[in-house]
Amino acid sequence: MATGVNNNQPLLENAPALLLPQKPSKTATQKTMRKAFKGSAYLANLLPTGTVLVFQMLAPAFTHQGECHSVTSKAMTIALLTCCSISCFLLSFTDSFRDERGKVRYGVASRNGLWVMDGGSIKIPVEEASKYRLRFIDFFHAFSSILVFGAVALFDKNIVSCFVPNPSEEAKDILTALPVGIGLVCSLLFVVFPSQRHGIGFPLSRE
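Residue numbering for the sequence shown follows our numbering, starting at 3 and increasing by one per position.
Here it is, written out as structure tokens:
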């Protein structure tokens, strides 16, 4: 006997709209923070991979998931931030090249060229040494890397909770806008003044 109901029709289509789970609305601050955390992934691409990886691995442990319940914990967190900042600065002066066998060799830029760290007796031809000499823009990228790392650190909830456990509304606005502003300005500067170096922890060129 026909009942007039299509048994193949999904039951959810017959359910009232009020019975379906509603997506919770987000405040403007939550939306901004969500975009900010997504932006941290892009900013991390401007930094040495190893430094960012070490920071992301050790930050939760050093801060005890953001609690920082002791002076030692805060001191260790400050030491971690300092070491990572120094690493970003120094690695900005490293570069790489391929030797005669096509193997990648790393070195540190100097006024005379590139000091090869892992090449033993391998030396760069004199006509190519000028490509790797230390320049003013290297210092610009080094200091910019520190600023970018600072922005990435401010995106980390463990770091923020450690030093600012109960921020005011004004502090929340600053902590949200400051890293976004730093990241935007530094990203534009990196685009306008790109680095030609492919140092330790940075993507290699095909040549």
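C-beta atoms are modelled at their ideal positions from N, C-alpha and C, and glycine is treated no differently.
Restricting attention to Ser112, Ala61 and His66, the CA atom closest to the CA of Ala81 is found in Ala61. Around the beta carbon of His143, 16 or more other beta carbons sit within 10 angstroms, so the residue counts as buried. Per the C-alpha coordinates, the member of Ser163, Asn168 and Cys188 positioned closest to Phe151 is Cys188.
The beta carbon of Gln67 lies closer than 7 Å to those of Asn160 in the same chain, with the five residues before and after it left out.
Note that the C-beta distance between Ser89 and Pro50 is below 8 Å. Closest in C-alpha terms to Leu156, from the list Ile184, Glu130 and Phe141, comes Ile184. Using a Cβ distance threshold of 8 Å, Ala111 and Leu136 count as a contacting pair. Looking at the backbone, the Cα of Ile176 and that of Pro169 are separated by about 10 Å.
A direct Cα-Cα distance of roughly 6 Å separates Ser75 from Phe64. Between the alpha carbons of Gly115 and Ser163 lies a gap of roughly 44 Å. For Gly152, the three-state secondary structure derived from DSSP is helix.
Here Gly201 is near Ser94, since their CB atoms are less than 8 Å apart.
Rounded to whole angstroms, the Cβ separation of Val118 and Cys86 is 26 Å, and the two are not in contact under 8 Å. DSSP, reduced to helix, strand and coil, places Val166 outside both helices and strands of the structure shown, so it counts as coil.
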